[in-house]
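All remarks here apply to the structure that follows.
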Amino acid sequence: MNYAKIKKYDISNGPGVRVSLYVSGCRNRCKNCFNPETWDFEYGEPFTKKVEDEIIEAMKPDYIKGFTLLGGDPFEPENVQALAPFIERLRKIYPDKSFWCFTGYDYESDILTGKKCEIEIALKILHCLDVLVDGRFIEEKKDLNLLFRGSSNQRIILVKPSLEKDEIVLWDEQSAV
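For the sequence shown, position 88 (counting from the first letter as 1) is numbered 90 according to the numbering used here, and the numbering increases by one without interruption.
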């Protein structure tokens, strides 16, 4: 897996100051995507143990509230293989920080069915996440007033309660994560 960039002080992809990893590779190719360079699976640099350690170190300060995965698309089959063990490791080190992920895929029909990647690997990632922002960016539904998403079809899902209840539980500004 390749990654496009790491932001060590990101304030736009989840609440608080966060460390964000932008992975490379996305088949969605949304019209007017804000990161079209990340569509290419070969873009950027290889995601290595050294890069993992750099992210772990960047997460240490108390003012870092969490970690965000985005891209590209973290749920592409080429990406989940490397991301699952990494995010499990990161979650063990930082159990009290929030973990967010952005995907252009649909939570129920694409991810939970195993349609886009192996369900066992997807579940490893999902069990480490607090929040999943799902759905393709749709230019015609673009709304600059939305918090943490670009178009009105995208949802901010609280992952743990959604998995437990087997129904979508949405995040709001009062949510703790």
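The C-beta atom is built at its ideal place from N, Cα and C for all residues, glycine as well.
Asked, Found
"Residues in its own chain within less than 8 Å of LEU172 by CB, not counting five upstream and five downstream?", "ARG157, ILE158, ILE159, LEU160"
"Should LEU71 go down as buried or exposed, given a rule of 16 or more other Cβ atoms within 10 Å for buried?", "buried"
"Tell me which residues share the same chain as PRO76 and place their Cβ nearer than 8 Å to its Cβ, disregarding the 5 neighbours each side in the sequence.", "VAL25, VAL82, LEU85, CYS103, PHE104, THR105, ILE127"
"Taking the Cβ atom as the reference point for each residue, do PHE43 and GLU90 lie within a distance shorter than 8 Å?", "no"
"Just grab the DSSP bridge partners of SER153 for me.", "LYS144"
"Taking Cβ to Cβ, would you say ILE57 is nearer than 8 Å to ILE123?", "no"
"Quick check on the DSSP output: the beta strand (DSSP E) that includes SER100 runs from which residue to which?", "100–104"
"Counting pairs of beta carbons, one from the segment 52–66 and one from the segment 7–21, are three or more of them closer than 8 Å?", "yes"
"For the beta strand (DSSP E) containing PHE69, list its first residue and its last residue.", "66–73"
"Going by CA-CA distance only, name the one from LEU149, GLU142, PRO163 that's closest to CYS130.", "PRO163"
"My assumption, with CB atoms under 8 Å, is that ALA6 sits in contact with GLY74. Please give the rounded CB distance.", "6 Å"
"Looking at the unbroken alpha helix (DSSP H) that takes in ASP55, where does it start and where does it end?", "51–60"
"Is the CB-CB distance between ASN4 and PHE49 below 8 Å?", "yes"
"What are the boundary residues of the beta strand (DSSP E) that includes ASN4?", "4–12"
"Indicate whether ASN155 and LYS167 have their beta-carbon atoms separated by less than 8 Å.", "no"
"Between the alpha carbons of GLU141 and CYS32, how many angstroms are there, rounded?", "8 Å"
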